[in-house]
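J.: Which chain is which? The protein sequence lines are B and C, in order.
Numbering of the first sequence is given in the working numbering, commencing with residue 2 and proceeding in unit increments.
Numbering of the second sequence is given in the working numbering, commencing with residue 355 and proceeding in unit increments.
Take this structure, written in C-alpha cells, and hold onto it; I'll ask about it next.
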Amino acid sequence: MREFLWLVPALPLLGSVILMLGSARLSVRASAMIGVLSVGLAALLALVISFGFLLEPPAGDVYQQTLWRWFHVSSFSVNIGLRLDPLSLLMMLITSGVGFLIHLFATEFMEGEQGYGRFFAHLNLFVAAMLLLVLARNFLVLYAGWEGVGLCSYLLIGFWWGDPLNGLAARKAFIVTRIGDTAFLIGLLLIATHLGTLNIASAMTRAPETWDVASPMVTLIAFLLLGGAVGKSAQLPLHTWLPDAMAGPTPVSALIHAATMVTAGVYLIARTHALFLLAPIAQFTVGIVGALTLLLAGFSALAQNDIKRVLAYSTMSQIGYMFVALGVGAWGAAMFHLMTHAFFKALLFLSAGAVTMRLHHEQDIFKMGGLWRRLPVAFWSFLIGSAALAALPLITAGFYSKEAILSGAWVDGTSGRVLWGAGVVGAFVTGVYIFRVVFIAFFGEEHAHVSGRYGWRVIVPLIVLSTLSLVGGFIQLPPAFGHITLLSDLLSAVVPAPLEATTVLPLLFASFVSIFGIVLAAVLYWRPTHAQADTPLWRFWHAAAGFDWLYDRLLVCPLLWAARIDRNDFIDRVYSGIVWATRAGHFAVRRTQSGRVRLYAAGLALGSICLIAIAVLR
Amino acid sequence: MILLWLLAVPAVGGALAWGAGAAHANWSRWISIVVLSLDLLLALSLISPATSTGHTAWIASFERPWIPQLGISFELDLDGLSLVLILLTLALSLISVVISWTEITERVGLFHANLLWTTTGVIGVFLALDLFLFFFFWELMLVPMYFLIALWGHENRFYAAIKFFLFTQGSGLIMLIAILVLVFIHQHATGHLTFDYLALLGTKMNSTTAFWLMLGFFIAFAVKLPAVPFHTWLPDAHTEAPTAGSVLLAGILLKTGAYGLLRFVVPLFPDAAHAFAPVAMTLAVIGILYGALLAFGQNDMKRLVAYSSISHMGFILLGVFAWNTLALDGVVVQMLAHGVSTSALFILVGALQERIHTRDMRFMGGLWGSLPRLSAFGMFFAIASLGLPGLGNFIGEFLILLGSFHVSVTFTVFAAGGLVAAAAYSLLLVQRAFHGTVGSFPDKTRLFDLETPHLVVMMVLTLSIVGLGVYPQPIFCQVAPGLSVLQRSGQQVSTGPRARVVEQP
Numbered sequence: 002m003r004e005f006l007w008l009v010p011a012l013p014l015l016g017s018v019i020l021m022l023g024s025a026r027l028s029v030r031a032s033a034m035i036g037v038l039s040v041g042l043a044a045l046l047a048l049v050i051s052f053g054f055l056l057e058p059p060a061g062d063v064y065q066q067t068l069w070r071w072f073h074v075s076s077f078s079v080n081i082g083l084r085l086d087p088l089s090l091l092m093m094l095i096t097s098g099v100g101f102l103i104h105l106f107a108t109e110f111m112e113g114e115q116g117y118g119r120f121f122a123h124l125n126l127f128v129a130a131m132l133l134l135v136l137a138r139n140f141l142v143l144y145a146g147w148e149g150v151g152l153c154s155y156l157l158i159g160f161w162w163g164d165p166l167n168g169l170a171a172r173k174a175f176i177v178t179r180i181g182d183t184a185f186l187i188g189l190l191l192i193a194t195h196l197g198t199l200n201i202a203s204a205m206t207r208a209p210e211t212w213d214v215a216s217p218m219v220t221l222i223a224f225l226l227l228g229g230a231v232g233k234s235a236q237l238p239l240h241t242w243l244p245d246a247m248a249g250p251t252p253v254s255a256l257i258h259a260a261t262m263v264t265a266g267v268y269l270i271a272r273t274h275a276l277f278l279l280a281p282i283a284q285f286t287v288g289i290v291g292a293l294t295l296l297l298a299g300f301s302a303l304a305q306n307d308i309k310r311v312l313a314y315s316t317m318s319q320i321g322y323m324f325v326a327l328g329v330g331a332w333g334a335a336m337f338h339l340m341t342h343a344f345f346k347a348l349l350f351l352s353a354g355a356v357t358m359r360l361h362h363e364q365d366i367f368k369m370g371g372l373w374r375r376l377p378v379a380f381w382s383f384l385i386g387s388a389a390l391a392a393l394p395l396i397t398a399g400f401y402s403k404e405a406i407l408s409g410a411w412v413d414g415t416s417g418r419v420l421w422g423a424g425v426v427g428a429f430v431t432g433v434y435i436f437r438v439v440f441i442a443f444f445g446e447e448h449a450h451v452s453g454r455y456g457w458r459v460i461v462p463l464i465v466l467s468t469l470s471l472v473g474g475f476i477q478l479p480p481a482f483g484h485i486t487l488l489s490d491l492l493s494a495v496v497p498a499p500l501e502a503t504t505v506l507p508l509l510f511a512s513f514v515s516i517f518g519i520v521l522a523a524v525l526y527w528r529p530t531h532a533q534a535d536t537p538l539w540r541f542w543h544a545a546a547g548f549d550w551l552y553d554r555l556l557v558c559p560l561l562w563a564a565r566i567d568r569n570d571f572i573d574r575v576y577s578g579i580v581w582a583t584r585a586g587h588f589a590v591r592r593t594q595s596g597r598v599r600l601y602a603a604g605l606a607l608g609s610i611c612l613i614a615i616a617v618l619r
Numbered sequence: 355m356i357l358l359w360l361l362a363v364p365a366v367g368g369a370l371a372w373g374a375g376a377a378h379a380n381w382s383r384w385i386s387i388v389v390l391s392l393d394l395l396l397a398l399s400l401i402s403p404a405t406s407t408g409h410t411a412w413i414a415s416f417e418r419p420w421i422p423q424l425g426i427s428f429e430l431d432l433d434g435l436s437l438v439l440i441l442l443t444l445a446l447s448l449i450s451v452v453i454s455w456t457e458i459t460e461r462v463g464l465f466h467a468n469l470l471w472t473t474t475g476v477i478g479v480f481l482a483l484d485l486f487l488f489f490f491f492w493e494l495m496l497v498p499m500y501f502l503i504a505l506w507g508h509e510n511r512f513y514a515a516i517k518f519f520l521f522t523q524g525s526g527l528i529m530l531i532a533i534l535v536l537v538f539i540h541q542h543a544t545g546h547l548t549f550d551y552l553a554l555l556g557t558k559m560n561s562t563t564a565f566w567l568m569l570g571f572f573i574a575f576a577v578k579l580p581a582v583p584f585h586t587w588l589p590d591a592h593t594e595a596p597t598a599g600s601v602l603l604a605g606i607l608l609k610t611g612a613y614g615l616l617r618f619v620v621p622l623f624p625d626a627a628h629a630f631a632p633v634a635m636t637l638a639v640i641g642i643l644y645g646a647l648l649a650f651g652q653n654d655m656k657r658l659v660a661y662s663s664i665s666h667m668g669f670i671l672l673g674v675f676a677w678n679t680l681a682l683d684g685v686v687v688q689m690l691a692h693g694v695s696t697s698a699l700f701i702l703v704g705a706l707q708e709r710i711h712t713r714d715m716r717f718m719g720g721l722w723g724s725l726p727r728l729s730a731f732g733m734f735f736a737i738a739s740l741g742l743p744g745l746g747n748f749i750g751e752f753l754i755l756l757g758s759f760h761v762s763v764t765f766t767v768f769a770a771g772g773l774v775a776a777a778a779y780s781l782l783l784v785q786r787a788f789h790g791t792v793g794s795f796p797d798k799t800r801l802f803d804l805e806t807p808h809l810v811v812m813m814v815l816t817l818s819i820v821g822l823g824v825y826p827q828p829i830f831c832q833v834a835p836g837l838s839v840l841q842r843s844g845q846q847v848s849t850g851p852r853a854r855v856v857e858q859p
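See below:
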C-alpha cells in the first residue's frame with residue numbers, strides 16, 4: 002500500500018480542483034460528498050499505510066517516494082518527493098483524521114451558506130497543502146506546502162468576503178505569516194548555498210559534518226527557520242494575526258488551530274532539530290519564545306468575552322508549551338502535546354461552533370448562560386475539551402502531554418526550571434480562563450434563545466473527538482503511572498529520546514496547579530456579575546498587551562503614509578521638470594521672434610556693444 | 355530560411371489585415387488569427403528535439419549581405435532563449451487578437467496591422483545578431499506600438515504615447531552611439547568593419563571606454579525593462595494603452611529589455627558589466643521595493659498592475675547581473691511567468707473596464723457576487739504574481755534569489771523583502787476589486803461574467819502558469835545551450851569565475 006502514499010495529499014487536492022471548477026454547477030449535496038469523501042479517503046488511506054508501516058517497518062524506518070523532478074539547474078536539483086517516517090506519519094494521521102472530522106462537521110455547519118462549494122474547495126486544499134508540508138522530502142516542497150497553507154488560511158478567513166473586516170483579517174494573516182515565511186526562505190537559501198542540497202534528510206546529515214556546535218552560520222539558519230515557525234505558529238512576535246483569524250467560519254478555525262497551519266511551526270522545528278541541536282542559543286530562544294507566548298496568551302485569554310477569541314488565545318498558549326518542549330529538547334513531548342492538542346482544540350472549536358449554530362452565531366459568552374441543559378451534547382463536548390485543555394489530572398489526554406512537557410523542562414537544568422515555572426503559571430491560568438468560559442456560558446441564567454437540533458454530522462465528530470481527548474493520552478504515560486512509551490518508542494527513530502524525570506514532586510505540583518485554576522474559576526464565575534470590570538489592566542490584556550497598536554504605529558502607518566504621499570511617484574516629477582524647463586525655454590525664445598524691427602535692431606545693438614565691451618576689456 | 359518566414363508571415367499578414375479591414379472588420383481579425391497561428395506553428399517546429407545538452411547553441415540561422423560596404427548584413431540566428439521568447443511573443447499576440455474582438459471596434463484593420471507589425475519587430479529583435487539590424491528592429495517595434503497607444507488608448511493616450519516614444523527613442527539613440535563607437539573600435543583594432551555580434555564579441559578596449567559603451571547599451575535596455583529611475587513611462591503607457599497594447603507591452607516589449615541585457619550588455623562588455631553589477635543590483639532592489647510601494651498606493655487598477663511589473667522586473671535585473679546559471683534560468687522563467695500572469699491581469703482589468711466603465715478601485719468592490727469567474731481568475735493571477743510555490747513566478751523568483759545569493763547576500767535579502775510587499779499589493783487588489791461591499795461603479799447594467807473566448811484564454815494562461823510552476827524543466831533544457839554560450843562569452847575576459855556555483859548534487 003505504501004506506493005499509494007502520493008494519493009494522501011493528491012486526493013484532497015483533486016477534490017479541491019473538482020470543486021473549484023464545478024462549484025457553480027454542483028449541488029450542495031454533491032459538493033459536500035466530494036469535499037468529505039476526498040479527505041475521508043485520504044484519512045483512510047493514511048490509516049492503512051500507517052498500519053502497514055507499524056506492522057512491517059521499512060528499512061531505517063523511512064519510506065521515500067519520488068514523484069518527479071521539479072527542476073535541475075546547474076547541478077542543483079529539487080525533486081518532488083514524499084517521505085514517510087514516524088514523525089511525518091504522526092502528522093499525516095492527525096492532519097487527515099482530524100481534518101476529516103472537521104469536514105464532516107462543516108457539511109452541516111455551513112448548510113445554507115453562499116459559496117458552499119467554494120468553502121469545501123478551499124478546505125480540501127488546506128488539508129492537501131498541510132499533508133504536502135508534513136510529507137515533503139525536500140525543503141522546497143515543504144515550503145510549497147507551507148505557502149499553500151498560508152494561502153488557504155487567507156482564503157478561508159476571508160470566506161465571508163462581503164465584510165471588509167474579514168478581508169482585513171485574512172490579509173493580516175497572510176502578510177504577517179509571510180514575513181516569517183520570507184525569513185524561512187532566506188534560511189533555505191543559506192542551507193542550499195552552504196550544504197548544497199535542499200533535501201531535508203541529507204541536509205540534516207551534512208549539517209553536523211559542516212558546522213561545529215554554536216557556529217554563527219548554523220545559529221543564523223536556526224534563527225531564520227524559527228522566524229518561519231513563529232509566523233505560522235502564531236508565537237511572539239508574529240502572533241497578532243491569530244485572534245483576528247477568528248473572522249472565518251468556525252470549522253476553519255478548528256482546522257487552522259488543530260489539524261493544520263499553527264502546528265506547522267512545531268513540526269518544522271522538530272523536523273530540523275539537528276540544526277537546533279547545533280545552535281543552542283537558537284534552541285533556548287525557542288523555549289523563551291514559547292514561555293513568553295504561553296503567559297501572554299494565557300493572560301489575554303482571561304480578558305476576552307468572545308468564545309472564539311478565548312480559544313484563539315488558548316491555541317497560542319498551547320503552542321507556546323510545544324515551543325517550550327522544543328526549547329528543552331523534549332521533541333517527543335512537543336509532538337505528543339501537538340497530537341492531544343489537535344484532539345481537544347478541534348473538539349473545543351467544534352463544540353463552540355455547535356453552540357453558536359443554535360444561537361444565531363452569537364459568540365459573546367455573557368449572552369449565553371445556562372446552556373448545559375439546553376445543549377447537552379455541546380456542553381459535554383466543551384466540558385471534556387476544557388478539562389483536557391486545563392490538563393485535569395489522570396482522566397484527560399491533555400494532562401499527560403502537558404506533564405511530559407513540564408517534566409522535560411524540569412530535568413533540563415536551571416534554564417529549564419525557569420521555563421518549567423512559566424509552564425506551571427500558565428497551567429494555572431489555563432484552568433482559570435477556560436473554566437471561566439464554561440461557567441459563564443453553560444451555567445447560570447439563560448440569556449439566549451436556543452433553536453434547532455443537531456444532525457449526526459455534528460454529533461459524530463464531537464463524540465469521536467471527546468473520546469480521543471480523554472483516552473488519547475494513554476499511549477504515553479509517565480514512569481509514575483504505568484510507564485507506557487508507545488509514542489516515544491515510535492518517534493525514537495527520528496528524534497533523540499527524552500530524559501526521564503526522576504522525581505514525582507514536580508508532576509504532583511503541576512497537577513494540583515491546574516485543579517486550583519479550575520476551582521478559582523468556579524469561585525469567581527459560578528455566579529458571574531454580568532458587567533465586566535473595565536479596568537486598565539483588563540483593557541491591557543483584552544488588547545493582548547497592545548502588540549497590534551505598536552505594530553500599527555511602527556510599521557503599518559508609516560508604510561501607508563509613504564504609499565499615499567508617493568502615489569504619483571516623485572521620480573516622475575523630475576521628468577516633468579525637464580518637460581517644463583523645455584517648454585519654458587521654448588516660450589522664452591519664442592517671445593523674441595516678435596517681428597518687430599525695432600526690437601531686433603535693439604538686440605543687434607546690444608549684442609554689438611557686448612561684443613565690443615568684451616573685446617576691449619579683455 | 356525558416357527564420358525569414360517567421361518574420362515575413364506577420365509582416366505581410368499585417369498588410370493583408372489592414373486591407374481586409376476595409377471590407378469587413380471580422381476579416382482582419384480572422385486573418386490575424388490565421389497568420390499568428392501559422393507563425394506559432396513555424397516557431398513550434400523549431401523546438402529542438404534533442405533536449406540534452408552538448409549540441410550547438412544555434413538552432414537555426416539565416417544570413418544575407420545587406421549593406422556590405424558598411425559591414426551590415428541581414429543576419430538572423432535563433433537559440434533556445436530566442437525561441438522561448440518568440441513562442442511567448444506569438445502566443446500573447448494571438449491572445450491579444452482574441453481579447454480585442456469586442457473591445458476594438460474602430461479602424462479594426464489598422465489596429466491589427468499595427469499589432470502584427472509590433473510582433474514582427476519584437477521577433478526581429480529576438481532574432482537579429484547584426485547590431486545594425488538589431489537596432490533597426492528595435493526602432494521598428496516602437497512605431498506601431500506608438501500608434502496602438504495613441505489611436506486606441508484611453509483618456510490620456512497622447513501624453514502616454516509621446517512619453518513612451520520619447521523615452522525609448524532617446525535611450526535607443528544612446529545605444530546607437532554605443533553601437534557605432536563599438537564598431538569603430540573594432541575596425542580600428544582589426545581593420546575590419548562589421549556589425550556582426552559574433553565578431554564584435556571580445557573586442558579589446560580599455561576599461562573606461564568599455565564602461566561608457568556598456569552604459570550606453572545598459573540605459574537603452576534599462577529604460578525598456580524598465581529599471582528605476584527610468585520607469586516612469588511605463589505606468590502611463592500601460593494604463594492608457596488598450597488591453598491588447600498593455601498585453602504586448604507588459605508581456606513582450608519589456609522582455610526585449612531583459613533580452614538585450616542578456617544578449618548584449620554582459621557578453622559584449624563582461625568586465626565593465628561585472629564592475630557595474632553592484633550599481634545595477636542596487637537599482638534592481640530599489641525597483642523591487644519601490645515598485646511595490648507605488649503599486650500599493652494606486653487607486654487605478656491598471657496602474658497597480660503596471661507598477662507591479664516594475665517590481666517584478668527588478669528581479670530580472672538582479673538575476674542578470676548575478677550572472678550564474680541558477681539566476682539566468684530564473685530570469686528566463688521569470689520573464690515567461692511575468693508575461694503570462696501580468697497579461698492575464700491586464701486582460702481582466704480590460705474586461706472589467708468594458709463592464710463597469712471604470713478602472714478606479716475606489717468604485718469597485720464586491721464584484722465576486724456578480725462576476726464570480728472573472729473574480730476567481732483575478733484572484734488566481736494576483737496570487738501567482740505574489741509568487742506562490744507551484745506557480746511559475748515562484749520558480750523564477752526562487753532561482754533568481756538563489757543565484758544572486760551566491761553573489762551578494764545583502765541584495766538578496768532586500769530583494770526577498772519584495773515577496774512580502776507583493777503579497778500586500780496583490781491581496782489589496784483582490785480586496786478592493788472583488789471583495790468587500792458592493793462598490794458604486796457607474797454602470798451596473800452590463801454585469802455579465804466572462805464569455806467563452808475570454809474563458810478559453812484565461813484557462814490557457816492558467817494552465818501555462820501552473821505548468822511553469824510544477825514542471826519548468828523543459829524550458830531549462832531548451833535554453834540551456836544558448837545560456838551557456840552566453841555565459842562563456844560573459845566570462846571570457848574576466849579574471850575568474852564570477853560566482854561560486856553550487857556543485858554538490
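Here a beta-carbon is modelled for each residue, glycine too, at the ideal position from N, C-alpha and C.
Any C-beta of chain C sitting closer than 8 Å to the C-beta of Y144 of chain B?
T.: By this cut-off, Y144 of chain B is an interface position.
J.: Using 8 Å as the limit for Cβ to Cβ distance, is P165 of chain B near chain C?
T.: It does: the Cβ of P165 of chain B has a partner Cβ on chain C nearer than 8 Å.
J.: Tell me the DSSP secondary structure of G82 of chain B in three-state form.
T.: Three-state DSSP puts G82 of chain B in a strand.
J.: Taking Cβ-Cβ distances below 7 Å as the criterion, which residues of the region 680-692 of chain C are in contact with chain B?
T.: Answer set for the region 680-692 of chain C: L680, D683.
J.: Should D683 of chain C be labelled buried (16 or more other beta-carbon atoms within 10 Å of its own) or exposed?
T.: With 16 or more Cβ atoms within 10 Å of its Cβ, D683 of chain C is classed as buried.
J.: Note down, in chain order, every chain B residue with its Cβ under 8 Å from the Cβ of L742 of chain C.
T.: Neighbours of L742 of chain C on chain B, chain order: E148, G149, L152.
J.: For the beta strand (DSSP E) containing W372 of chain C, name the first residue and the last one.
T.: Looking at the DSSP string, W372 of chain C is not in any beta strand (DSSP E); the run it does join, the alpha helix (DSSP H), is 356-377.
J.: Can you give me, in chain order, the residues of the region 182-212 of chain B that have a beta carbon less than 7 Å from any beta carbon in chain C?
T.: Cβ contacts with chain C: T183, L186, I187, L190, A193, T194, G197, T198.
J.: Is the region 241-254 of chain B touching the region 279-286 of chain B in the sense that three or more CB pairs, one from each, lie closer than 8 Å?
T.: They do not touch, by the three-pair rule.
J.: Is the separation between the beta-carbon of P624 of chain C and that of G367 of chain C shorter than 8 Å?
T.: No, they are not a contact pair.
J.: Would you call the region 792-800 of chain C in contact with the region 164-177 of chain B, where contact means no fewer than 3 C-beta pairs closer than 8 Å?
T.: No contact exists between the region 792-800 of chain C and the region 164-177 of chain B.
J.: List, in chain order, every chain C residue whose beta-carbon is nearer than 7 Å to that of V74 of chain B.
T.: Going along chain C in sequence order, the residues near V74 of chain B (Cβ under 7 Å) are T679, L680, D683, L753, F830.
J.: Would you call W421 of chain B buried or exposed, if buried means 16 or more other Cβ atoms sit within 10 Å of its Cβ?
T.: That one is buried.
J.: Compute the beta-carbon to beta-carbon distance between L463 of chain B and A355 of chain B, rounded to the nearest angstrom, for a pair I have assumed lies under 8 Å.
T.: Confirmed, Cβ separation roughly 7 Å.
J.: With burial defined as no fewer than 16 other Cβ atoms inside 10 Å of the residue's Cβ, what is the status of N167 of chain B: buried or exposed?
T.: Its Cβ being crowded by 16 or more others within 10 Å, N167 of chain B is buried.
J.: What do you get for N678 of chain C, buried or exposed, if any count of 16 or more other CB atoms within 10 angstroms of its CB means buried?
T.: Buried, by the Cβ-count rule.
J.: What's the C-alpha gap between I308 of chain B and F444 of chain B?
T.: About 15 Å.
J.: Would you kindly report the start and end of the unbroken beta strand (DSSP E) that includes I485 of chain B?
T.: I485 of chain B -> no beta strand (DSSP E), and no H or E assigned at all.
J.: Does the region 700-720 of chain C come into contact with the region 767-779 of chain C, if we say contact requires no fewer than three beta-carbon pairs (one atom in each stretch) closer than 8 Å?
T.: Flag = no, the region 700-720 of chain C and the region 767-779 of chain C do not touch.
J.: Going by alpha carbons, who is nearest to L227 of chain B out of B:T316, B:R574, B:A265, B:H448?
T.: The candidate whose alpha carbon is nearest that of L227 of chain B is B:A265.
J.: Could you check what DSSP says for R138 of chain B in three-state terms: helix, strand or coil?
T.: Three-state result, R138 of chain B: coil.
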